[in-house]
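Residue 207 is where the sequence shown ends in the numbering used here, and the numbering goes up by one at each step.
Working notes for the structure below.
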Amino acid sequence: MKNKKVLIVDDEADFGFLMKEYFSKKDCEVFVANSIATGLGLLQQVRPDYLLLDNNLPDGFGWSKTEFIVANYPNTKLILISAMEVPTTNSPSFRILYKPMLAGELNKIFV
97 MKNKKVLIVD DEADFGFLMK EYFSKKDCEV FVANSIATGL GLLQQVRPDY LLLDNNLPDG
157 FGWSKTEFIV ANYPNTKLIL ISAMEVPTTN SPSFRILYKP MLAGELNKIF V
């Protein structure tokens, strides 16, 4: 994963910190946002390789932006993070991880 850009959009500071540490150790450039609005701004600026998007954010549901992100940022792999069930999709650039998650689940996606 060296030299990959990762954008984490999550309002839980501890989770954002842990994810930043995880990806930094994999030599990734990491960006963190705590809202959909800030995340979409960074998405446009940074054009990350990976986007980890929490479903339940202060300014809306991440799920509501997945179709837009997949359509407009086809080179960004989207991983929706949720503590509750969300509809699934067959898009190869879109995955869902459920909280609480294990490090092994991340390792399967981010080799």
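Quick reminder that beta carbons are idealized off the backbone N, C-alpha and C, glycines included.
Tell me the DSSP secondary structure of residue i in three-state form.
{"i": "residue 130", "result": "coil"}
{"i": "residue 121", "result": "coil"}
{"i": "residue 108", "result": "coil"}
Nearest by alpha-carbon distance to residue i: which of the options is it?
{"i": "residue 125", "options": "110, 161 and 144", "result": "144"}
{"i": "residue 123", "options": "152, 100 and 151", "result": "100"}
{"i": "residue 179", "options": "172, 108, 146 and 102", "result": "108"}
{"i": "residue 160", "options": "142, 136, 127 and 170", "result": "136"}
Provide the residue span of the beta strand (DSSP E) that contains residue i, from first to last.
{"i": "residue 190", "result": "190-194"}
{"i": "residue 100", "result": "First-last for residue 100: undefined, no H or E at that position."}
Going by DSSP, which residues form a beta bridge with residue i?
{"i": "residue 150", "result": "177"}
{"i": "residue 157", "result": "152"}
List the endpoints of the continuous alpha helix (DSSP H) containing residue i.
{"i": "residue 162", "result": "162-168"}
Quiz item: For the 8 Å Cβ check, are there 3 or more pairs between the region 110-120 and the region 132-141?
Solution: no
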